[in-house]
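S.K.: One structure, pasted below without further comment.
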Amino acid sequence: MGDPVVRRFGAVVALILAMLATQVPGAPPTRSAPAARSASACPAPATPAAVPAAGSPTPAPDVAATPVAFPGGGGDLTVFAAASLTDAFERIATDLEAANEGLRIEFNFGGSQALVTQLAEGAEADVFASANTTQMTAAQDQGSIAGTPVTFVRNRLTIVVPRDNPGGVASAADLGDDGLDLVLAAADVPVGRYARDSVCLMGGDAATYGDGFVARVAANVVSEEEDVRDVLTRVQLGEADAGIVYVSDVTADVEGQVTEVEIPDAVNVVAAYPIAPVQGGDAALATAFIGYLLGPEGQATLQEYGFESP
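Residue numbers -26 to -1, 1 to 284, in mature numbering (1 follows the signal peptide of the UniProt record, and there is no 0), belong to the letters of the sequence shown in order.
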């Protein structure tokens, strides 16, 4: 695992570059922190009722106009999907395979950024479901996407701590407590970007979170993970005092191992999940799968797993 002091130092350097570079008055831009932003520069948090930003996938179309019937005889459908969709999508696959003879659904779950790289390298898939619009746009730009992506679900952030809560985290403000071991996803992972945006918003409210909150949180990060499930696992195993994940990740099978600490709406970030057929894939199966997700049955299952309607 390496020297913990070295690991903590590396994490602190990375987080400070990514989250604090623009907070130093007069500091010049840095190439190593292209997405750096100060707390005062953080955008207002998105909400389920917010108008999609320019360039975002369009809102879900009218369900009645969305085909949901799978081709007769079934077939093999391969779906590349963000790790946070694992439990919900596996349940949906079970339901669809039971209802459609001959249909077989295979998943490749992982960080959205890693899936985009795999598509660029020629990995075959029929559907791509991303945890943010940035990675979907990257997939479009590299020619991996057929048609127009649509937002099919939304998600929110939450803090998780081990069941015995060794760090004494009672609120989001405690993420800045001295000596707390915090784990986040890497900044290029959607949940990692959302988490940093949320921390920036907290930093803009000094009355609630105190002065220098973003810097204090950055100093507490001991590890940056490849996807949201890795963050959750680190907390489950007691290797960190806290982590930031999606609400949908706190499923029934982990509720006894971790405790949630709410992130207030005013500083939370609502994640929009776009989905689209993959260029060169089975268009009929892809369209049917996406249509099912947008329909009442698919939406009911997604919401059962903690997601919100698009």
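The C-beta atom is built at its ideal place from N, Cα and C for all residues, glycine as well.
Computed from a prediction, not measured in an experiment: that's the story for all the values here.
1) May I ask you to verify whether the segment 77 to 90 touches the segment 148 to 166, counting CB pairs closer than 8 Å and requiring at least 3?
2) Could you pull out every residue in the same chain whose Cβ sits closer than 8 Å to the Cβ of residue 182, ignoring the five residues on either side in sequence?
3) Three-state secondary structure (DSSP) at residue 112?
4) How many angstroms separate the CA atom of residue 15 from the CA atom of residue 64?
5) Hey, out of 134, 171, 142, whose CA is closest to residue 157's CA?
6) What is the DSSP secondary structure of residue 167, counted as helix, strand or coil?
7) Given this structure, state the Cα-to-Cα distance separating residue 276 from residue 209, to the nearest angstrom.
8) Does the Cβ of residue 259 have 16 or more other Cβ atoms within 10 Å, making it buried, or fewer, making it exposed?
9) Which first and last residues belong to the beta strand (DSSP E) in which residue 247 is found?
10) Cα-Cα, which of 228, 73, 93 is closest to residue 255?
11) Counting along the chain, where does the beta strand (DSSP E) carrying residue 91 start and finish?
12) Which runs of the alpha helix (DSSP H) at least 4 residues long sit entirely within the segment 130 to 210? Give them in chain order.
13) Give the DSSP-derived three-state secondary structure of residue 46 in the structure shown.
14) Assuming residue 52 and residue 98 make a contact with CB atoms under 8 Å, what is their CB distance in whole Å?
15) Can you tell me which of the three DSSP states residue 236 falls into?
16) Please go through the same chain and pick out, in chain order, the residues whose beta-carbon is closer than 8 Å to the beta-carbon of residue 279, but skip the five residues on each side of it.
17) Pick out whichever of 247, 44, 284, 213 has its Cα sitting closest to the Cα of residue 59.
M.R.: On the basis of the data shown:
1) yes
2) 147, 176
3) helix
4) With a pLDDT of 39 at residue 15, under the threshold of 50, the modelled position of this residue cannot be trusted; read the value that follows with caution. C-alpha separation (whole angstroms): 39 Å.
5) 134
6) helix
7) 24 Å
8) buried
9) 245 to 251
10) 93
11) Note, residue 91: premise wrong, no beta strand (DSSP E); alpha helix (DSSP H) at 86 to 94.
12) 164 to 177, 180 to 183, 187 to 194, 202 to 210
13) coil
14) 7 Å
15) coil
16) 61, 62, 65, 222, 225
17) 247
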